[in-house]
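Undergrad: Take this structure first; my questions come after.
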Amino acid sequence: PSDVAPALVALDATFHVVGPDGERTLPAADFFVLPRDDVGHENVLGDDEVLVSVNLPAAAAGTLSSYHKVMDRETWTHAVASAAVVLDMENGVCRSARIVLGGVAPIPWRVQAGEALLVGERVTAERADAVGVAAVAEAQPLAKNAYKVPLTRRLVERTVLAVSGAA
């Protein structure tokens, strides 16, 4: 669980990795590993590699972003659910969107179906609601965390509205 990881994926960060075989750079989205792909590791680092830097591209004019999280108590803790939203807006129309969830999967979870609903459109309350619905459409909650589905839906909706200025 990480608060930073969803934001780094949403902001299209790149990771610089060094090991005995040399250096490599990879997108943040390719750094994290699902347990079904490698139960022994949370990322793609080899046992003899180290992450040496994180690079963020300069934001284009019109790019707006925010990270919101829900916690189960008021002390510092990881998110029960979080949403990192980056919108590239021009004259009230979304040119591109990146939505990444945290706390709902073992890795930062990109919501491409929700992003597609925003591109080329004005952000309205109705559209933000549809994005929230799309964000959880394929959710597969475990026995004791089904409460995260409606929570995440509304979190995405509120974050999209806040970033776009339509709130």
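Residue numbers for the sequence shown follow my numbering, beginning at 30 and rising by one.
Yeah, the Cβ is synthetic: ideal placement off N, Cα and C, and Gly gets one too.
(1) For Arg124, which of helix, strand or coil comes out of DSSP?
(2) Any idea which residues DSSP pairs Lys98 with across the strands?
(3) For the beta strand (DSSP E) containing Pro56, list its first residue and its last residue.
(4) Using a Cβ-Cβ cut-off of 8 Å (strictly less than) and excluding sequence neighbours within five positions of Glu150, which residues of its own chain qualify?
(5) If you scan the segment 123-194 from start to end, which runs of the alpha helix (DSSP H) of 4 or more residues do you find wholly inside it?
(6) Look up Leu37 in the DSSP assignment and say whether it is helix, strand or coil.
(7) Find out if the Cβ-Cβ distance for the pair Leu116, Val192 is shorter than 8 Å.
(8) To which residues of the same chain is Ala89 closer than 7 Å at the C-beta, ignoring the five residues directly before and after it?
(9) Just verifying my parser: in three-state terms, what is the DSSP assignment at Asp32?
(10) Any idea if Thr153 is buried or exposed, counting beta-carbon neighbours within 10 angstroms, 16 or more meaning buried?
(11) Cα-Cα, which of Arg182, Ile136 and Tyr176 is closest to Gly57?
(12) Since I believe Ile128 is in contact with Pro140 (beta carbons under 8 Å), could you give me their beta-carbon distance rounded to a whole number of angstroms?
(13) Could you check the C-alpha separation between Gly91 and Glu119 for me, to the nearest Å?
(14) Just list the residues that DSSP pairs Phe60 with in beta bridges.
(15) May I ask you to list the residues that DSSP assigns as paired with His16?
TA: Inspection of the coordinates gives the following:
(1) strand
(2) Ser111
(3) Gly51 to Pro56
(4) Val122, Cys123 and Arg156
(5) 141-147, 154-165 and 177-193
(6) helix
(7) yes
(8) Asp117
(9) coil
(10) exposed
(11) Note that residue 57 corresponds to Ala in the displayed sequence, not to Gly. Ala57 has its Cα closest to that of Ile136, out of Arg182, Ile136 and Tyr176.
(12) Residue identity check: residue 140 is Val in the sequence provided, not Pro. At roughly 4 Å, the Cβ-Cβ gap stays under 8 Å, so Val140 and Ile128 are in contact.
(13) 6 Å
(14) The partner list for Phe60 (beta bridge, DSSP) is empty, contrary to what the question assumes.
(15) No answer is possible for residue 16: it lies beyond the span of the chain, which begins at 30 and ends at 196.
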